[in-house]
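Below: one structure, written as structure tokens.
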Amino acid sequence: MQHLIVTGDPGIRKGAIINYDGREQICFAIQRQGDWHGPDAVQLWCTIGTEDERETFEKREYVPNWLDVDTIDAESLDVIQANNELSV
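In our numbering, the protein residues as written are 1052 to 1139.
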């Protein structure tokens, strides 16, 4: 599990499936930053991980401040499914 900061808006929402770092990852949570007073482009601060890490995320069995953080441009993000409606 890790944090991913996406510069720009690729149209993903909570539950989206992306291909990042050579693996399919799920966006467990997304916070949208920069709409009012932020940088020129919106940033999406995502908590991503694999399906095996879903239970760990839901039970909050991790320390958010200790997760690795990466950044990527929205154009470079490989979106498989923008919104997974089954994941609520």
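No residue lacks a Cβ here, since even glycine has one placed at the ideal position from N, Cα and C.
Keep in mind the model is a prediction, meaning the values are calculated, not measured.
The C-beta separation of residue 1122 from residue 1056 comes to about 4 Å, placing the pair in contact by the 8 Å criterion. Pairing residue 1079 with residue 1098 gives a Cβ-Cβ distance under 8 Å. The alpha helix (DSSP H) runs of length 4 or more contained entirely in the region 1084-1120 are, from start to end of the chain, 1105-1109.
Between residue 1074 and residue 1134, the CB-CB gap reaches or exceeds 8 Å. Linking residue 1107 to residue 1113 through their CA atoms gives a straight-line distance of about 7 Å.
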